[in-house]
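Protein chains: 4
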Amino acid sequence: MTNCESIEEGDYILLFLDRRRSYLIRVEKGAQFHTHKGFVEFDDVIGKEYGTRMKSSLGVEFAALKPLLPDFIYKAQRKSQITYPKDVALMVMFSGVGPGSKIVEAGTGAGALTTALASYVRPNGYVHSYDVRAEFQRVALKNLKKAQLDEFVEVKEKDITLGIDETEVDAVILDLATPWLVVPHAHRALKGGGSLVSFSPTIDQVVQTVEAMQIHHFVNVGTFECIMREMQVMRGKTRPQTLMTGHTGYITHGRKVSYRNGSEFESA
Amino acid sequence: MTNCESIEEGDYILLFLDRRRSYLIRVEKGAQFHTHKGFVEFDDVIGKEYGTRMKSSLGVEFAALKPLLPDFIYKAQRKSQITYPKDVALMVMFSGVGPGSKIVEAGTGAGALTTALASYVRPNGYVHSYDVRAEFQRVALKNLKKAQLDEFVEVKEKDITLGIDETEVDAVILDLATPWLVVPHAHRALKGGGSLVSFSPTIDQVVQTVEAMQIHHFVNVGTFECIMREMQVMRGKTRPQTLMTGHTGYITHGRKVSYRNGSEFESA
Amino acid sequence: MTNCESIEEGDYILLFLDRRRSYLIRVEKGAQFHTHKGFVEFDDVIGKEYGTRMKSSLGVEFAALKPLLPDFIYKAQRKSQITYPKDVALMVMFSGVGPGSKIVEAGTGAGALTTALASYVRPNGYVHSYDVRAEFQRVALKNLKKAQLDEFVEVKEKDITLGIDETEVDAVILDLATPWLVVPHAHRALKGGGSLVSFSPTIDQVVQTVEAMQIHHFVNVGTFECIMREMQVMRGKTRPQTLMTGHTGYITHGRKVSYRNGSEFESA
Amino acid sequence: MTNCESIEEGDYILLFLDRRRSYLIRVEKGAQFHTHKGFVEFDDVIGKEYGTRMKSSLGVEFAALKPLLPDFIYKAQRKSQITYPKDVALMVMFSGVGPGSKIVEAGTGAGALTTALASYVRPNGYVHSYDVRAEFQRVALKNLKKAQLDEFVEVKEKDITLGIDETEVDAVILDLATPWLVVPHAHRALKGGGSLVSFSPTIDQVVQTVEAMQIHHFVNVGTFECIMREMQVMRGKTRPQTLMTGHTGYITHGRKVSYRNGSEFESA
Numbered sequence: 000m001t002n003c004e005s006i007e008e009g010d011y012i013l014l015f016l017d018r019r020r021s022y023l024i025r026v027e028k029g030a031q032f033h034t035h036k037g038f039v040e041f042d043d044v045i046g047k048e049y050g051t052r053m054k055s056s057l058g059v060e061f062a063a064l065k066p067l068l069p070d071f072i073y074k075a076q077r078k079s080q081i082t083y084p085k086d087v088a089l090m091v092m093f094s095g096v097g098p099g100s101k102i103v104e105a106g107t108g109a110g111a112l113t114t115a116l117a118s119y120v121r122p123n124g125y126v127h128s129y130d131v132r133a134e135f136q137r138v139a140l141k142n143l144k145k146a147q148l149d150e151f152v153e154v155k156e157k158d159i160t161l162g163i164d165e166t167e168v169d170a171v172i173l174d175l176a177t178p179w180l181v182v183p184h185a186h187r188a189l190k191g192g193g194s195l196v197s198f199s200p201t202i203d204q205v206v207q208t209v210e211a212m213q214i215h216h217f218v219n220v221g222t223f224e225c226i227m228r229e230m231q232v233m234r235g236k237t238r239p240q241t242l243m244t245g246h247t248g249y250i251t252h253g254r255k256v257s258y259r260n261g262s263e264f265e266s267a
Numbered sequence: 000m001t002n003c004e005s006i007e008e009g010d011y012i013l014l015f016l017d018r019r020r021s022y023l024i025r026v027e028k029g030a031q032f033h034t035h036k037g038f039v040e041f042d043d044v045i046g047k048e049y050g051t052r053m054k055s056s057l058g059v060e061f062a063a064l065k066p067l068l069p070d071f072i073y074k075a076q077r078k079s080q081i082t083y084p085k086d087v088a089l090m091v092m093f094s095g096v097g098p099g100s101k102i103v104e105a106g107t108g109a110g111a112l113t114t115a116l117a118s119y120v121r122p123n124g125y126v127h128s129y130d131v132r133a134e135f136q137r138v139a140l141k142n143l144k145k146a147q148l149d150e151f152v153e154v155k156e157k158d159i160t161l162g163i164d165e166t167e168v169d170a171v172i173l174d175l176a177t178p179w180l181v182v183p184h185a186h187r188a189l190k191g192g193g194s195l196v197s198f199s200p201t202i203d204q205v206v207q208t209v210e211a212m213q214i215h216h217f218v219n220v221g222t223f224e225c226i227m228r229e230m231q232v233m234r235g236k237t238r239p240q241t242l243m244t245g246h247t248g249y250i251t252h253g254r255k256v257s258y259r260n261g262s263e264f265e266s267a
Numbered sequence: 000m001t002n003c004e005s006i007e008e009g010d011y012i013l014l015f016l017d018r019r020r021s022y023l024i025r026v027e028k029g030a031q032f033h034t035h036k037g038f039v040e041f042d043d044v045i046g047k048e049y050g051t052r053m054k055s056s057l058g059v060e061f062a063a064l065k066p067l068l069p070d071f072i073y074k075a076q077r078k079s080q081i082t083y084p085k086d087v088a089l090m091v092m093f094s095g096v097g098p099g100s101k102i103v104e105a106g107t108g109a110g111a112l113t114t115a116l117a118s119y120v121r122p123n124g125y126v127h128s129y130d131v132r133a134e135f136q137r138v139a140l141k142n143l144k145k146a147q148l149d150e151f152v153e154v155k156e157k158d159i160t161l162g163i164d165e166t167e168v169d170a171v172i173l174d175l176a177t178p179w180l181v182v183p184h185a186h187r188a189l190k191g192g193g194s195l196v197s198f199s200p201t202i203d204q205v206v207q208t209v210e211a212m213q214i215h216h217f218v219n220v221g222t223f224e225c226i227m228r229e230m231q232v233m234r235g236k237t238r239p240q241t242l243m244t245g246h247t248g249y250i251t252h253g254r255k256v257s258y259r260n261g262s263e264f265e266s267a
Numbered sequence: 000m001t002n003c004e005s006i007e008e009g010d011y012i013l014l015f016l017d018r019r020r021s022y023l024i025r026v027e028k029g030a031q032f033h034t035h036k037g038f039v040e041f042d043d044v045i046g047k048e049y050g051t052r053m054k055s056s057l058g059v060e061f062a063a064l065k066p067l068l069p070d071f072i073y074k075a076q077r078k079s080q081i082t083y084p085k086d087v088a089l090m091v092m093f094s095g096v097g098p099g100s101k102i103v104e105a106g107t108g109a110g111a112l113t114t115a116l117a118s119y120v121r122p123n124g125y126v127h128s129y130d131v132r133a134e135f136q137r138v139a140l141k142n143l144k145k146a147q148l149d150e151f152v153e154v155k156e157k158d159i160t161l162g163i164d165e166t167e168v169d170a171v172i173l174d175l176a177t178p179w180l181v182v183p184h185a186h187r188a189l190k191g192g193g194s195l196v197s198f199s200p201t202i203d204q205v206v207q208t209v210e211a212m213q214i215h216h217f218v219n220v221g222t223f224e225c226i227m228r229e230m231q232v233m234r235g236k237t238r239p240q241t242l243m244t245g246h247t248g249y250i251t252h253g254r255k256v257s258y259r260n261g262s263e264f265e266s267a
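Residue numbers (numbering that gives the first Met the number 0), protein chains in the order written: chain P, 0 to 267; chain D, 0 to 267; chain U, 0 to 267; chain E, 0 to 267.
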């Protein structure tokens, strides 16, 4: 995600064969990368512009691309179920976060969502990412380093359902099993008007989360899902693809407002 | 989209009644904002924190929210058909743009997509937005100013199908009637590995665009659509909403690679 | 739904103007049918073949079609929310009913589903249709008579949640608020291997119904919904339609098997 | 699809284990049916009511169901891609066919659609099914015999794009590669007001078919697809299934009306 244009030793590149086969790898002088379509010499790409093509030892053409955010998301090591780029994109949009935002996130998981958040809050924003599972956070940190985004993230081995340390945050973004338990903490941590966004696979999680948000006076509370349909485009044979991911999860979002005078939460 | 926490004169606020009725308005000292649910005194909100609630003259409760990116998109003055936040979010994600990116966009339209792009490239990126219709660009500039994002955008009254002035850009992002005519120009303007993303309502536009991208050696070319489904969440009555927007458009994306040796475009 | 080919006095015809405007009317000698596009003389169509075209008094072309099952369903007088032809089609298919089947149905509603069931069980099957609302059943009977299907239906003003009179039925087909209350009665009424099919708009109804079916040892229990998407087909402009019905309801189906030895329901 | 209630030698039964594993088999006295969950003795089910449960040699429970139409469709031997029950259901509904209808169908394929049409036109209707591939028709006939529906079908080894022998038919139902070539023949074969229904996987086939139908003055021409989404229903964990069939095909339908006076097709 740097801006330098030519490929140097130590850079991560996306070695692209086709839409199903691409590799996120680190360029090493004098080394080779082996695939079932032959090996590629790293020395062939060092000093070249991104987007260059090269031939493998078996004569198969590869391209060396600069990895972009969706590549880092797709390639995040999958210790947990990964959040899909489409859902990441929609959570970012509906949270309203951008450069400079201060965000609380949980759980860290393999860091797919964390990577996206860190990417968009640069250069002056920050992500506090909670997870109780240290082994996930090690993976996440590794993935964040690959994307050169670790400096924008604090990984906290803590249970967010027990509380949030930060205050005056712009957004609380949740992808965990019991988001409703976090809602009261989120209300306390958020700035006035701040966003709560939660991702859940099941309808029961959604219902509990929406109820908690209503109890805590969030406004503009809505839930939606995005069904993403790939097209197979070829003149004379264009059609939606036969198999698709039918469901990943529901996205629920809302905005914090002050409690009403006399509300039971007033003194909270 | 500033970071100041209390509402001041001259700020834009989102005056929120419910999910169907909210107003993006500028706070004026001593003035009132009239709705069918009574009027609101701006002096009641000046100096208050965002997220504050107030009562209208008819006793109806409103909340004063800081407008976020999706609010600016939804509220962009509709001189042309607006791009939906979901599509904006996915185009941003699949383009891989973020803080620091240099982007070419066309057409400007009412500036909905432009606003999003400007928001995400801050503080050191830039958007060059082409449109042949001066009257649209006036509207877009007004919308960009509301969101305090006009300094990150150059609006160009030019026909992008005739050429792109910029070079070494990170992404070319298109929402216009004949995207396939822009593909050769986009190849020339993009950095190696740069992204082309195009939004089109019809399948025929998609087919022509994909063909042009294949001719010009873009790789990782894919087309998808996002069908967004709102849920009506209420314990015991939860269900998808009856009416939905069934289609907005298809998103096609791909990455530039260098032309092959001996390619007909080599000298281009 | 008769087989006679020429239009005679007393027949119902579908007077077709375009996909949004068509009229299910009874042919009367010497009379006229008035529309906002002028009036049509019934005498112009009497004795003509179905499919004939005619001009209205304002010179607008209409066609006189024989009403088919989906026309009767769409045109059923809407005292209640109507079941959609797509859902009717899928309920019929998954129930496995056909000519000769003996069916119990509830609620009758405006008779849309009843009409379809009666149509498919002809000439030697029968539908017993329960509803507690006499005024609905009057409408349903009127609709069934129009389609000449009333002889295949017994309309019963009874609460099916209190019990089913019939036994050895091929299928029990439900479109009512509390289908789970009918599940034990359905098990008793069905033949071995018979089908239970239920239509419900909300997820909570589905969960309760599936649980009741599991308790009563139904097998092959599944739930699905059909999202129907209309295409706007025009060379160079083909695309899915912008607005669509996003949700009508979920269809749950299963097959009766005998209770296990020693089951609590054994003696039932 | 007979009405007898107890299982006899020679009957086909659906031996049901779970939603993924069931077997359409013929009952043979003294024989066994072997599965990976042990074998079942046919003598255990002969004389029993449909819906009876039995244990395999390994103590696993099976149920013996009467095969219904969707079972015959799912289990049709797959020499060609099978038409999905949902599409069969919708094609039947939108064609308006039912008991007594006279239908022309092409291509026969493995007989899945043919089986459904034959089932619904019983006892006094008829299906003329065209296919140029004799080997498919042999499979189709075998499948029709299993379902005891072969007496309602004439299988014709003929190329329907060259013409239709029948006249005054209620519906022409197409599932073949070039439906637009059949449209003129269908107009000639259909009764006034008769239905043409066509199933095609690609958009290009749809466009060509709709254009041919417009040229030949079909009215009420529409195209849609049904996206079927299975739900995973379990209290506390209910959600749409992760993987789904994203696309099978588009259904196009319309009604024949007489040609206009002076039309180029008038003398046809």
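Glycine is no exception: its CB is placed at the ideal position from the N, C-alpha and C atoms. Source: prediction; values computed, not measured.
Check: Along the chain, where does the alpha helix (DSSP H) that runs through E/Ala-62 open and close?; Outcome: Where E/Ala-62 is concerned, there is no enclosing alpha helix (DSSP H), although the beta strand (DSSP E) it sits in stretches over 60-64.
Check: Spatial neighbours of E/Ala-133 within its chain, please: CB distance less than 6 Å, with the 5 preceding and 5 following residues excluded, ordered by chain position.; Outcome: Glu-156
Check: Give me the Cβ distance between P/Val-196 and D/Val-232, rounded to the nearest whole Å; I'm assuming they're in contact under 8 Å.; Outcome: So it is not a contact: roughly 15 Å between Cβ atoms.
Check: Round the Cβ separation of D/Val-126 and D/Ile-102 to the nearest angstrom and send it over; I've been treating them as touching at under 8 Å.; Outcome: 5 Å
Check: Buried or exposed, going by whether 16 or more other CB atoms sit within 10 Å of the CB of D/Lys-85?; Outcome: buried
Check: Could I get the ranges of all uninterrupted alpha helix (DSSP H) runs contained in the region 190-235 of chain P, with 4 residues as the minimum, in chain order?; Outcome: 202-214
Check: Evaluate U/Leu-189 with the Cβ neighbour count: other Cβ atoms within 10 Å of its Cβ, from every protein chain shown; 16 or more gives buried, anything less gives exposed.; Outcome: buried
Check: How far does the alpha helix (DSSP H) with E/Ile-72 in it reach, from first residue to last?; Outcome: 68-74
Check: Per the DSSP calculation, U/Phe-151 is bridged to which residue(s)?; Outcome: BP columns for U/Phe-151 are empty, so no partner.
Check: Judging by CA-CA distance, which residue of P/Leu-68, P/Gly-124, P/Pro-98, P/His-186 is the nearest neighbour of P/Lys-145?; Outcome: P/Leu-68
Check: With DSSP as the reference, identify every bridge partner of E/Asp-17, one or two as the case may be.; Outcome: E/Arg-20
Check: In chain P, what lies closer than 8 Å to D/Val-126 by C-beta?; Outcome: Per Cβ cutoff of 8 Å: no residues; D/Val-126 is ~14 Å from chain P at best.
Check: Buried or exposed for U/Ala-176, please, with buried defined as at least 16 other CB atoms from any protein chain shown within 10 angstroms of its CB.; Outcome: exposed
Check: Can you check whether the C-beta of E/Leu-19 is within less than 8 Å of a C-beta belonging to chain P?; Outcome: Checking the sequence, you will find Arg at residue 19 of chain E rather than Leu. It does not; no Cβ of chain P falls within 8 Å.
Check: To the nearest angstrom, how far is the alpha carbon of E/Thr-113 from that of U/Met-92?; Outcome: 14 Å
Check: Report, in whole angstroms, the separation of the C-beta atoms of P/His-215 and P/Val-182, which I expect to be a contact under 8 Å.; Outcome: 6 Å
Check: Count the other C-beta atoms from every protein chain shown that fall within 10 angstroms of the C-beta of P/Asn-2, then say buried if there are 16 or more, exposed otherwise.; Outcome: With a pLDDT of only 44 at P/Asn-2, under the threshold of 50, the placement of this residue in the model should not be trusted; the figure read from the coordinates follows. Classification of P/Asn-2: exposed, given that the 10 Å Cβ count is below 16.
Check: If you count every other CB in all the chains shown that lies within 10 Å of the CB of P/His-35, and 16 or more means buried, which is it?; Outcome: exposed
Check: Can you look up P/Gln-240 in the DSSP assignment and give me helix, strand or coil?; Outcome: coil
Check: Can you name the residues that DSSP bridges to E/Val-168?; Outcome: E/Leu-189
Check: Can U/Ser-257 and E/Arg-52 be called in contact, C-beta distance under 8 Å?; Outcome: yes
Check: Anything in the region 196-208 of chain E with a Cβ closer than 8 Å to a Cβ of chain U? List those residues in chain order, please.; Outcome: Ile-202, Val-205, Val-206
Check: What residues are listed by DSSP as bridge partners for E/Val-39?; Outcome: E/Phe-32
Check: P/Ile-72 and P/Ala-115 - do their beta-carbons sit closer together than 8 Å?; Outcome: yes
Check: Whole angstroms is fine: what's the gap from P/Asp-70's alpha carbon to E/His-184's?; Outcome: 52 Å
Check: To the nearest angstrom, how far is the alpha carbon of U/Lys-28 from that of E/Ile-202?; Outcome: 45 Å
Check: Could you work out which residue in P/Ile-226, P/Gly-124, P/Met-243 is closest to P/Tyr-249 when comparing CA atoms only?; Outcome: P/Ile-226
Check: By Cβ distance, which residues of its chain are closer than 6 Å to D/Tyr-22, with the 5 residues on each side in sequence left out?; Outcome: Leu-14
Check: If I measure Cβ to Cβ from E/Asn-123 and keep anything under 6 Å in the same chain, skipping five residues before and after, which residues do I get?; Outcome: Gly-99
Check: How would you list, in chain order, the residues of chain U whose beta-carbon sits under 7 Å from the beta-carbon of D/His-246?; Outcome: Arg-238, Pro-239, Gln-240, Thr-241
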